[in-house]
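Notes follow once the structure below has been shown.
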Amino acid sequence: MVLQGQELDSTELVLEEVTIQSDVFTHQVLEYGGAVTSLGRQGITQAEQVYLQPILNSVPGVYMQSGSLNTNRISIRGIGARTPFGTDKVKAYLNEIPLSTGEGETTVEDIDFGTLQNIEVYRGPTSTVFGAGLGGAIHFQTRRLTGNPSVFAEAMVGSFGLRRYNLQAQVANSTKSLGIFYQDVHSDGYRDNNAYDRYSVTLMGQTQVGDRSNMTLYANYTSLLAYIPSSLGLQEYNENPTAAASSWGDAEGHEDGYRYRVGWSLHSRYSTRMESWVTFFVNGSSAAEIRPVFLGNLSTDQLNAGVRAKIKRSFLPRNQLQVVLGMEGFWESYRYREFVNDQGENGDKTRDFDQQRNYGNVFLATEYYPTESWIVSVGANLNLSGYDLEDQLPVDGSDQSQHRYFGPILSPKLSLTRKMTEKVAVYGLVAHGFSLPSFEQSLYPEGELNGDLRPETGWNYELGVKGEVWEDRLYFELVGYAMRTQDLIVNRTYEQVLVGVNAGSAHHDGVELLLEHRVVDQDRLQVSHRLAYSLMAYRFDDFTSEGEDYSGNRITGVPSYTLDYAVDVRWEGFYGRLNYQRVGSISVLDSGSLYTDAYQLINAKVGYERSLGKIRVNVYTGVNNMTNTFYSSMLQINASSGRYYYPGLPINYYGGVKVGYVF
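Take 5 as the starting number for the sequence shown in my numbering and just add one per residue.
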């Protein structure tokens, strides 16, 4: 059994079966024919809830790098590891709201962890319903607000001027609920030109509609001002890691903008055999970025609106066959403008592109139980995407306006699960995935667009065994996979600007191990520990670029292995966690001539929570990087400038208090 926590009582840890919402077939992880990890509320609150990095890095196969609070990269099984300054090739959803743009860029850093109940991580293209992304998908699920009306306030302070304030209030009854969450985060930053300010407001509500329907609303607004220290060369990284890159420091480079998300959903149950979900959503953002003179300033505006719908139907006398049919489609407008940096202000406009994107998925997922011991899952995802680009500022008569259509891209999936016993199962999986190239990857420094850049595609072959033994005290999961990718997109630097090129083929072979053991499970004392290990043997198969043959080299940006081990203890209101993470060497250049050293981090958190009548109190403190390890927390792969390294935080501390009143 996997540990999960619910904040129903300040001193009680509630144990429950782990279920997932895979393809809207709600069942235990054991029955799912693929690699998926459900973190639960306890997994989310394990750290200081400012950085997502330690949370996701506790999942085997996942490696999240963080250059600063606003510069992060998530890769799953090596997919997405070479994206320059963000996350793509990994799909993400908040409930049923897509967090990924039409070209695959994903932003999750502005999610308020206090609004979340669970995070499901799908490793590899296992889910047709969640977009068939080559790397996989991350499904964030918000809390269901129940119980008496309540208000909570939280304040946390930490090293390098870190401050975080949370306010939340909720009301609920048997048929409806409403909650509002406010968060304010500030950090002076470890490095020069590294200050960070973000505040967000989130509204969540749900109401029952008649006897068979439930309506939910999610709305979020986030404002961000974040300075950019950028990456460093090896000498400055070793001698002066707190420095900003000189070009970014001199320019006082930063981004200033806002983002909003709104989603309205209706879940209807027509009978014991049929139900449906429909979600209408709007995502928007606007950002201005002050950059070094040689790059020029950047301004982007983005808006997408769409619908996601699915219907589930059960067939046969005992519902042995379940079928989900659905679609997801949205229209997206993206405006990209560059300006001369005139002493920190926008000067003459040098580029102006207006891109209209259309993104559509039709998906099918089925599960068939021919016997009580066998589960057959067949699914498919059909993607139809394209864009129209209008060049609003042609240079020297060169108009870059164009139409591009990707697809159709069909991504099938087949998995077979055999329950060896009531608590142990083995599975086999074959699945196809894809990822689209981004606009920035297609853009050359002189303004021309690479219309020949192709989507990445790949097939994943996987075998796994998972189960519960020792009277359900030990959950284990062992997975082996072989992913074969075509047209892998890697970055090349032209005139100090990163451009994507297709790199032929590659193989991603790996082994993942997950162990979760409840050592003591008593009313007053609970002790558990958890181990996640990933072996990543990823290499280029056929990759020649600029006359150089890199075939056989290790794929850049991916550690050779990762290990995450944690011990959790709870005793009469006291709680603590000790976490150890080790990361293997990483190839920095496609040539294989430069690698990082392996490193290890130790983090710890202790606290005490208690109910005093209607008052709830939670006091905690923690330390990250206890051994003061010097390491690079993010890498800039293949940077021609030689600035490869983002220095990781040295030893740092935090502490906070959360007080609430339940009416």
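Even glycine gets a Cβ: it sits at the ideal position worked out from N, Cα and C.
- DSSP places Val33 in the helix class (H, G or I) of the three-state scheme.
- Around the CB of His407, fewer than 16 other CB atoms lie within 10 Å, so the residue is classed as exposed.
- Shown here, Tyr241 sits in a helix according to DSSP, grouped into three states.
- CA-to-CA, the gap between Asn350 and Glu259 works out to about 13 Å.
- Gly660 sits away from Glu113, with the two beta carbons spaced by 8 Å or more.
- Only exposed fits Leu616, as fewer than 16 other CB atoms lie within 10 angstroms of its CB.
- Each residue's CA atom was taken as its position, placing Glu124 and Asn244 some 39 Å apart.
- Counting only runs of at least 3 residues, the region 553–607 fully encloses the following beta strand (DSSP E) elements, listed from N- to C-terminal order: 565–575 and 578–587.
- Between the C-alpha atoms of Thr179 and Arg81 there is a straight-line separation of about 42 Å.
- Residue state for Gln640 is assigned as coil, using DSSP reduced to three classes.
- The three-state secondary structure of Gln360, taken from DSSP, is strand.
- Take the alpha-carbon of Tyr225 and the one of Val663: they are about 24 Å apart.
- One alpha carbon belongs to Asn387, the other to Gly411, and they sit about 7 Å apart.
- Taking a contact as a CB-CB distance under 8 Å, the pair Val469 and Val430 counts as one, their CB atoms being some 5 Å apart.
- Excluding sequence positions up to five before and after Gln57, its CB lies within less than 6 Å of the CB of Met68 and Ser70, all in the same chain and listed in chain order.
- A contact between stretches requires three or more CB pairs, one per stretch, nearer than 8 Å, and the region 183–199 fails this requirement with the region 35–45.
- Taking a cut-off of 8 Å for Cβ pairs, the region 559–568 and the region 588–607 touch, as three or more such pairs fall below it.
- Ranked by Cα distance from Ser275, the options Gly237, Asn323 and Ala309 are led by Asn323.
- Taking 8 Å as the upper bound for CB-CB distance, Gly128 and Lys95 are not in contact here, some 12 Å apart.
- Taking Ser415 as reference, the option from Gly135, Asn61 and Val40 with the minimal CA-CA separation is Gly135.
- Taking one beta carbon from each stretch, the region 577–585 and the region 595–615 have 3 or more pairs nearer than 8 Å; the two touch.
- When DSSP states are grouped into helix, strand and coil, Arg45 belongs to the helix group.
- The alpha helix (DSSP H) runs lying completely inside the region 223–301 and spanning 4 residues or more are 238–243 and 250–255, given in chain order.
- Under the three-pair Cβ rule at 8 Å, the region 233–242 does not count as touching the region 282–292.
- With 16 or more other Cβ atoms from the protein chains shown falling within 10 Å of its own Cβ, Met540 counts as buried.
- Going by DSSP, Pro374 is part of no alpha helix (DSSP H) at all; its letter is neither H nor E.
- Non-local beta-carbon contacts of Met487 in its own chain, meaning distances under 6 Å to residues more than five positions away in sequence, involve Gly462, Asn464 and His512 in chain order.
- With a beta-carbon spacing of about 5 Å, Lys417 and Thr132 fall inside the 8 Å limit used to define contacts.
- If you draw a 10 Å sphere on the C-beta of Met160, you find 16 or more other C-beta atoms in it, and that means buried.
- Ranked by Cα distance from Ser280, the options Asn76, Gly330 and Ile294 are led by Gly330.
- By the Cβ-count criterion, Glu520 is buried, with 16 or more other Cβ atoms from all chains shown falling within 10 Å of its own Cβ.
- Taking Leu103 as reference, the option from Glu516, Phe334 and Glu376 with the minimal CA-CA separation is Phe334.
- When the Cα atoms are used, Gln326 and Asp456 turn out to be separated by approximately 41 Å.
- As the crow flies, the alpha-carbon of Ser272 is around 28 Å from that of Val205.
- In the DSSP assignment, Ile83 falls outside any alpha helix (DSSP H) and carries neither an H nor an E.
- For secondary structure counted as the beta strand (DSSP E) over 3 or more consecutive residues, the region 465–519 holds these complete runs in sequence order: 478–490, 493–498 and 501–506.
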